[in-house]
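To start, the structure itself, in structure tokens.
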């Protein structure tokens, strides 16, 4: 799932979200959400809403 090219992006998250991911790899969460979206297991909308389509 990893790429040879990476990009740094700034995102705005709530303080409670930042606290939750303080010692956790948020970038891996984003990569996994992207992978699920590419597999059509979830849909991600412009407003940030996520709909789960498939299950494991």
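Residue numbers (the working numbering): 1 to 56.
All C-beta atoms, glycine included, are put in the ideal place defined by N, C-alpha and C.
Work out the CA separation of residue 26 and residue 10 for me, nearest whole Å.
Taking the chain shown and counting its residues from 1, the one referred to as residue 10 is at position 10. Taking the chain shown and counting its residues from 1, the one referred to as residue 26 is at position 26. Going from the Cα of residue 10 to the Cα of residue 26 covers about 12 angstroms.
Euclidean distance between Cα positions of residue 31 and residue 17
The sequence position of residue 31 within the chain shown is 31, counting from 1. The sequence position of residue 17 within the chain shown is 17, counting from 1. Their Cα atoms are separated by approximately 17 angstroms.
Taking DSSP's pairing of strands, which residues face residue 13 in a bridge?
The residue labelled residue 13 in the question sits at position 13 within the chain shown. Looking at the DSSP assignment, residue 13 forms no beta bridge with any residue, so it has no partner.
Once DSSP output is grouped into helix, strand and coil, what is the label at residue 46?
Against the chain shown, residue 46 aligns to sequence position 46. Looking at residue 46 - three-state DSSP - the assignment turns out to be coil, as it is neither helix nor strand.
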